[in-house]
Amino acid sequence: MQAIGATGALAVAGCLGGDTQTDSGNGDQSAAEDEGLPAAKAVDVDRIARDPTDIPDPVDWNEPREHDVTIRTERVTAEIEPGVTFDYMTFEGQVPGPMLRVRRGDRVNLTFDVPDDLNVAAHNMDFHAVYGPGGGADATTIAPGDDPTQISFTADYAGVFIYHCAIPNMDQHISSGMFGSILVEPEDGLPEVDNEFYLGQHEIYTDGDLGEEGHHGFDFDAMLKEEPTYVVFNGQAYGFTPDGGVPMEANTGETARVYFANGGPNLLSSWHAIGNVWSRFYRDGDLLTDPDLNVETAPVAPGTTAAAEMEFPVPGPVKIVDHALTRAARRGALGVVDVTGEPTRDIYDEDP
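For the sequence shown, my numbering assigns the number 5 to the initial residue and increments by one for each residue that follows.
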């Protein structure tokens with residue numbers, strides 16, 4: 005039995021209902037027919053998933069500022085799930101890369117570094133928020149051991165935007181973790197909320213089967229077929245669930261805004277909150293247009309972001325998923341907001 009499939013199916017069953025099967029669909033290949041994977045490697049980090057609350061404070065300034073930012077690339081070995089290791093490529097050691105937060109009109113002075121002892125390939129940064137060749141990728145392309153490079157840009161477009169590595173093997177690098185978000189707040193700022201969370205979805209293509217313990221290498225053939233082994237939030241399967249990691253937390257009566265980047269590199273996400281709706285949905289990261297209201301499931305294309313808000317009038321788990329449900333039930337694309345406290349309105353009774 006593939007353990008990840010069973011765990012995921014049980015976790016998401018509140019939406020699926022009925023019985024769930026635990027076979028991953030990988031066939032009944034025997035150990036004699038399959039040499040298996042090498043043993044799991046020692047990990048460089050305890051947890052590849054970036055804390056979803058690791059977000060800079062909201063903008064509280066009224067005039068343009070300059071921001072000096074340094075981002076290093078780092079190759080690290082970590083667990084996709086317990087017993088399953090993988091060599092990730094990252095910005096600053098976790099997935100997704102750090103969120104940058106500025107105000108429209110601010111100037112960003114970026115230093116980009118590819119340290120020789122932490123990398124085996126060239127990297128760069130393509131900011132979808134940057135007007136310039138390759139979104140900055142042309143000027144930031146450097147190999148391991150090259151001197152750090154610098155670019156400077158004005159954040160001229162308000163919104164939430166993705167950034168990612170954009171060398172020729174960009175699909176492999178993004179799949180391995182090299183993407184993140186830059187939030188450019190409008191001049192008037194954003195509505196105040198009680199909680200903010202930062203999630204990044206991506207596919208991981210490996211040469212092992214789903215849930216197979218050992219060290220998984222990258223599988224280019226699977227990527228060409230767009231058949232991922234895992235589809236995860238923040239690099240880790242079920243990393244924000246009670247059983248698989250650390251849930252996000254909120255209290256009844258509070259609000260939350262979730263910033264969501266779909267790194268891809270290939271699959272559209274059908275982004276959904278089980279037991280809630282996106283009460284205000286900022287489609288494609290657009291923070292200037294009036295948000296859509298009470299959206300149940302919304303498409304987020306690869307290479308695109310979204311922002312969405314929720315209210316929490318009653319306690320209980322709110323499950324954030326890709327509603328292409330095999331990904332949520334078996335491949336890892338599920339996170340939980342654990343909402344605690346007394347109901348603030350009489351809108352739900354589980355035992356009338």
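C-beta: ideal position from N, C-alpha, C; glycine also. Keep in mind the model is a prediction, meaning the values are calculated, not measured.
Mind checking TRP65: buried by the 16 CB within 10 Å criterion, or exposed?
It is exposed - the Cβ of TRP65 has fewer than 16 other Cβ atoms within 10 Å.
Kindly confirm or deny that the region 258-275 and the region 307-323 touch, where touching means at least three C-beta pairs closer than 8 Å.
The region 258-275, when compared against the region 307-323, does touch it at the 8 Å Cβ threshold.
Alpha carbon to alpha carbon, how far is GLY29 from ASP213?
Any reading at GLY29 is ruled out, since the residue's pLDDT is 40, under 50, leaving its predicted position unreliable.
Suppose contacts are defined by Cβ-Cβ distances below 7 Å. Is THR158 in contact with ARG111 by that definition?
Contact flag set, yes.
Is the number of C-beta pairs between the region 206-220 and the region 120-132 that are closer than 8 Å three or more?
The region 206-220 vs the region 120-132: no contact.
Who does ILE166 pair with in a DSSP beta bridge?
Answer by DSSP bridge pairing, in chain order: SER185.
Rounded to the nearest angstrom, what separates ASN358 and TYR167 at their Cα positions?
Within the shown structure, residues of the chain are numbered from 5 to 356, placing residue 358 beyond reach of any answer.
Between which residues of its own chain and PRO219 is the CB-CB distance below 7 Å, once the five residues before and five after are set aside?
According to the sequence shown, residue 219 is His rather than Pro. If we look at HIS219 and ignore the five residues flanking it on each side, its Cβ neighbours are LEU41, PRO42, ALA43, ALA44, LYS45 and THR89.
Does ARG107 pass the burial test, meaning 16 or more other C-beta atoms within 10 Å, or should it be called exposed?
By the 10 Å Cβ count, ARG107 comes out buried.
Just to confirm before moving on: does the CB-CB distance between PHE316 and ALA254 stay below 7 Å?
It is a contact, given that the beta carbons lie within the stated cut-off.
Hey, out of GLU200, LEU122 and ALA143, whose CA is closest to ASP130's CA?
Nearest of GLU200, LEU122 and ALA143 to ASP130, Cα basis: ALA143.
Thinking just about the alpha-carbon of each residue, which of ASP225, GLU231, PRO100 and PRO295 is nearest to the one in TRP282?
Here the closest residue by C-alpha is PRO295.
Going by C-alpha distance, which of PHE285, GLU189, MET93 and GLY181 is nearest PHE165?
When only C-alpha atoms are compared, the closest one is GLU189.
Unbroken beta strand (DSSP E) runs of length 3 or more, entirely within the region 257-325: which are they?
Those beta strand (DSSP E) runs which fall completely within the region 257-325 and span 3+ residues are 259-268, 273-278, 282-286, 296-299, 301-304 and 308-315.
So, using beta-carbon positions, are ASP342 and PRO251 closer together than 7 Å?
In this structure, PRO251 lies closer than 7 Å to ASP342 by Cβ.
Could you tell me the alpha carbon to alpha carbon distance between ALA226 and LEU122, rounded to whole angstroms?
If I take the Cα positions, the gap works out to 26 Å.
Around the C-beta of SER185, are 16 or more other C-beta atoms found within 10 angstroms, so that it is buried, or is it exposed?
Classification of SER185: buried, given that the 10 Å Cβ count is 16 or more.
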